[in-house]
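K.L.:
My questions all concern the structure below.
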Amino acid sequence: MMGVGTTIRRGRFSGEVSNIAVDSDNEESESSSSSLPPTRTITGSTGLQNGLPLLRYSFCKTIVQHQKDQKLKMGFNRYNKLVRSLIHTSRSRTTTYSCSSFYSNQWRTSATSSSPSCSDDPKTKSFSTISSSSYHLNGGPSYMRGAVFWEPNKPMTFEDFEMPRPKVNEVLIKTKACGVCHSDLHVIKGELPFSSPCVVGHEITGEVVEHGPLTDTKTIERLPLGARVVGAFIMPCGNCFFCTKGQDDLCEAFFAYNRAKGTLYDGETRLFLRGSGKPVYMYSMGGLAEYCVVPANALAILPHSLPYSESAVIGCAVFTAYGAMAHAAQVRPGDAVAVIGVGGVGSSCLQIARAFGASEIIAVDIQNDKLDKAKLLGATHVVNARTEDAVARIKEITGGMGVDTCVEALGNPKTFSQCVQSVRDGGKAVMIGLTLSGAKGEIDINHLVRRQIKVMGSYGGRARHDLPKLVKLAESGIFNLDAAVSRKCKFEEAGKAYEDLNKGSIIGRAVVEIM
Ligand SMILES: [Zn+2]
Ligand SMILES: [Zn+2]
């Protein structure tokens with residue numbers, strides 16, 4: 016006789032619910048003397064776990080728990096019947112909602128459902144309720160607040176949203192903190208065209224509170240409920256041409272859907288205003304809200320030793336700096352590095368350059384307070400470009416050579432040119448600053464050709480590969496998060512934080528604490 020815990024071989028089920036098949040060769044007559052256990056508290060999520068097709072999380076965890084309990088046995092036929100009926104229930108529950116009414120219907124349906132009709136077998140009817148299965152049905156809120164950007168140069172407003180619901184391989188995060196980044200500001204000022212209304216904020220930490228239906232087991236094991244996580248602003252789909260090559264930073268889905276349309280990768284946003292149901296778009300995960308949906312590929316575990324607020328900057332400032340230094344510039348020990356513009360991202364570049372063993376680290380800015388701070392973050396030299404010729408000074412510091420790598424972190428045609436002129440022959444000019452849509456930079460072509468200057472763009476790191484490393488850099492203190500974050504503000508002060516960022520009065524990085 017085959018017990019539940021031992022008879023299902025890994026790989027007998029496909030990942031597609033509709034294709035799930037059971038191994039008839041292994042079927043045996045119902046001979047179990049034990050029945051399914053009585054009522055259990057059900058928590059967890061969906062996916063394939065221990066080789067089983069897990070459906071709605073409410074059912075899945077229960078099955079797994081049964082599996083693990085080696086004392087419990089049941090006939091395979093009955094087990095298959097149970098699985099099939101759960102599949103049926105899951106499909107009918109997840110596919111019948113139209114887009115516009117999905118959230119409220121889903122909510123109501125979930126909240127009012129009692130026992131799933133697991134089987135017509137009376138024994139399986141003792142299989143318990145799902146109504147307490149997910150956090151929000153268990154006392155959690157049914158709506159949330161988020162900051163909405165409506166149109167350029169209009170103040171953001173705080174609005175109530177239906178509770179966002181994650182889909183497959185997505186995770187609902189209770190947002191703890193969100194960094195205040197210049198890219199958001201470009202959107203807010205209308206310099207970077209983006210779908211609106213939208214929720215900006217793309218540099219988050221938070222707590223896992225729900226997995227989307229049918230999320231795979233490995234993802235759930237990696238990011239269990241209650242896990243502390245940090246999110247990268249580039250959220251790789253994991254399946255496109257670039258993601259399969261490991262180049263998450265070029266993810267086609269991210270650019271085609273999120274950056275071009277303000278949605279996730281099924282072409283839909285997860286944000287809808289409460290009441291009207293009006294869709295609101297998402298800049299990355301739309302982090303300036305109490306909850307956000309993030310594709311699991313963009314998340315890494317945050318250890319308890321790292322605080323939520325300071326760690327938010329890992330997801331963009333540190334991530335962008337790391338991508339520039341590791342993948343574009345490939346900085347090596349002993350290199351000379353200059354960084355033009357030492358705000359949130361630029362100052363993170365200084366720290367990463369120091370971590371990589373750069374010998375000369377030159378910070379260039381026009382604000383002395385930023386340059387003073389730069390010295391604390393690893394700059395061996397500082398240049399005030401308002402009072403000095405930045406290119407000449409960089410050449411002077413490097414014995415006339417120029418730097419191995421110069422990073423432009425402002426997004427400005429003038430500093431673009433300075434960046435190219437500051438690198439040594441064969442050196443790398445790395446552009447990481449976004450700017451006005453359509454802006455052009457000038458380069459002396461002959462200089463570029465003869466001196467083999469490499470001009471390259473860099474846009475963030477590779478989330479699946481890099482984000483865990485960045486967490487380790489922060490955990491070990493090699494990257495000093497405390498020094499990177501210069502201001503913490505309340506959720507209600509998010510608008511003011513962007514105003515101050517626009518004025519240049521934030522030295523380093525501001526973080527909005529949402530909690
Ligand atoms: Zn950013
Ligand atoms: Zn991709």
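Residue numbers (the numbering used here): 16 to 530.
Each residue gets a CB set at the ideal place from its N, CA and C atoms; glycine is no exception.
#1: Can you tell me whether ASN273 sits near ligand 2, meaning its C-beta is under 8 Å from at least one heavy atom of the ligand?
#2: Less than 9 Å between the beta carbons of THR220 and TYR323, yes or no?
#3: Whole angstroms is fine: what's the gap from GLY523's alpha carbon to LEU321's?
#4: Rounded to whole angstroms, what is the Cα-Cα separation between PRO208 and CYS504?
#5: Looking at VAL215: is its Cβ nearer than 9 Å to the Cβ of MET178?
#6: With a cut-off of 8 Å on the beta carbons, I'd call ILE376 and THR402 a contact; round off their distance for me.
#7: For GLY205, I'd like the list of residues in its chain whose CB is within less than 6 Å of its CB, leaving aside the five on either flank, ordered along the chain.
#8: Pairing CB atoms from the stretch 404-415 with CB atoms from the stretch 337-347, are three or more of them under 8 Å?
#9: When DSSP builds the beta bridges, which residues end up paired with ARG502?
#10: Measuring from each Cβ to the nearest heavy atom of ligand 2, keep the ones under 7 Å and list them in chain order.
#11: For PRO310, which beta-bridge partners are listed by DSSP?
#12: Tell me whether the stretch 185-192 and the stretch 220-234 touch, counting them as touching only if at least three CB pairs, one residue from each stretch, are closer than 8 Å.
#13: Is GLU45 helix, strand or coil by DSSP?
#14: Going along the chain, which residues put their C-beta within less than 5 Å of some heavy atom in ligand 1?
#15: For SER293, does the three-state DSSP call read helix, strand or coil?
#16: CA-CA distance, ILE203 and PHE164?
#17: Could you check the C-alpha separation between GLY292 and ALA512 for me, to the nearest Å?
#18: Is the stretch 456-464 in contact with the stretch 427-438, if contact means three or more CB pairs nearer than 8 Å?
#19: In or out: GLU305 buried (at least 16 other Cβ within 10 Å) or exposed?
#20: Report the start-end ranges of each alpha helix (DSSP H) in the stretch 444-495 that is 4 residues or longer and not cut off at the edges.
#21: Measuring CA to CA, which of ASP263, ALA242 and ILE316 is closest to CYS252?
#22: Just to confirm before moving on: does the CB-CB distance between ASP350 and VAL445 stay below 9 Å?
#23: Mind pulling the alpha helix (DSSP H) runs of 4 or more residues that sit fully within the stretch 172-217?
#24: Given this structure, state the Cα-to-Cα distance separating PRO318 from GLU490, to the nearest angstrom.
P.N.:
Taking the coordinates as given:
#1: Here residue 273 is taken as the residue at index 258 of the sequence shown, counted from 1. In this structure, ASN273 has its CB at a distance of at least 8 Å from all heavy atoms of ligand 2.
#2: If you number the sequence shown from 1, residue 220 lands on position 205. If you number the sequence shown from 1, residue 323 lands on position 308. Yes. Within cutoff.
#3: Reading the sequence shown from its first residue, position 508 is the one you call residue 523. Reading the sequence shown from its first residue, position 306 is the one you call residue 321. The alpha-carbon atoms of GLY523 and LEU321 are separated by roughly 19 Å.
#4: Stepping through the sequence shown from its first residue, residue 208 is reached at position 193. Stepping through the sequence shown from its first residue, residue 504 is reached at position 489. For PRO208 and CYS504, the distance between alpha carbons rounds to 27 Å.
#5: Working through the sequence shown from its first residue, we reach residue 215 at position 200. Working through the sequence shown from its first residue, we reach residue 178 at position 163. No, these two residues do not count as a Cβ contact at 9 Å.
#6: Translated into the one-based positions of the sequence shown, residue 376 becomes position 361. Translated into the one-based positions of the sequence shown, residue 402 becomes position 387. With 8 Å as the limit, ILE376 and THR402 do not qualify as a contact, their Cβ atoms being about 20 Å apart.
#7: Reading the sequence shown from its first residue, position 190 is the one you call residue 205. Hits under 6 Å: PRO167.
#8: no
#9: What you label residue 502 is simply residue 487 of the sequence shown in a count that begins at 1. Paired residues: ALA525.
#10: PRO251, CYS252, GLY253, ASN254, CYS255, PHE257, CYS258, ASP263, CYS266, GLU267, ALA268 and PHE269
#11: For the purposes of this step, residue 310 is identified with residue 295 of the sequence shown, where counting begins at 1. GLU185, per the DSSP bridge assignment.
#12: yes
#13: As a position in the sequence shown, residue 45 is number 30, starting the count at 1. Here the model assigns GLU45 a pLDDT of 31, short of 50, so the residue's position is not dependable, and the following value carries that caveat. Of the three classes helix, strand and coil, the one that applies to GLU45 here is coil, per DSSP.
#14: CYS196, SER198 and CYS331
#15: As a working note, residue 293 is residue 278 in the sequence shown. Looking at the sequence provided, one finds Lys at residue 293 rather than Ser. LYS293 falls in the coil class under three-state DSSP.
#16: To locate residue 203, count along the sequence shown from 1; it is residue 188. To locate residue 164, count along the sequence shown from 1; it is residue 149. Each residue's Cα considered, the two are about 7 Å apart.
#17: The residue you call residue 292 lines up with position 277 of the sequence shown. The residue you call residue 512 lines up with position 497 of the sequence shown. For GLY292 and ALA512, the distance between alpha carbons rounds to 28 Å.
#18: yes
#19: Looking up residue 305 in the sequence shown gives position 290. Counting the other Cβ atoms within 10 Å of the Cβ of GLU305 gives 16 or more, which makes it buried.
#20: The qualifying runs are 460-465 and 478-490.
#21: Within the sequence shown, numbered from 1, the residue matching residue 252 stands at position 237. For the residues ASP263, ALA242 and ILE316, the minimum Cα distance to CYS252 belongs to ASP263.
#22: In the sequence shown, residue 350 corresponds to position 335, counting from 1. In the sequence shown, residue 445 corresponds to position 430, counting from 1. Inclusion of ASP350 and VAL445 in the CB contact set at 9 Å is not warranted, their separation being larger than that value.
#23: 197-203
#24: For the purposes of this step, residue 318 is taken as residue 303 along the sequence shown, with counting starting at 1. For the purposes of this step, residue 490 is taken as residue 475 along the sequence shown, with counting starting at 1. Taking the straight line from one Cα to the other gives about 8 Å.
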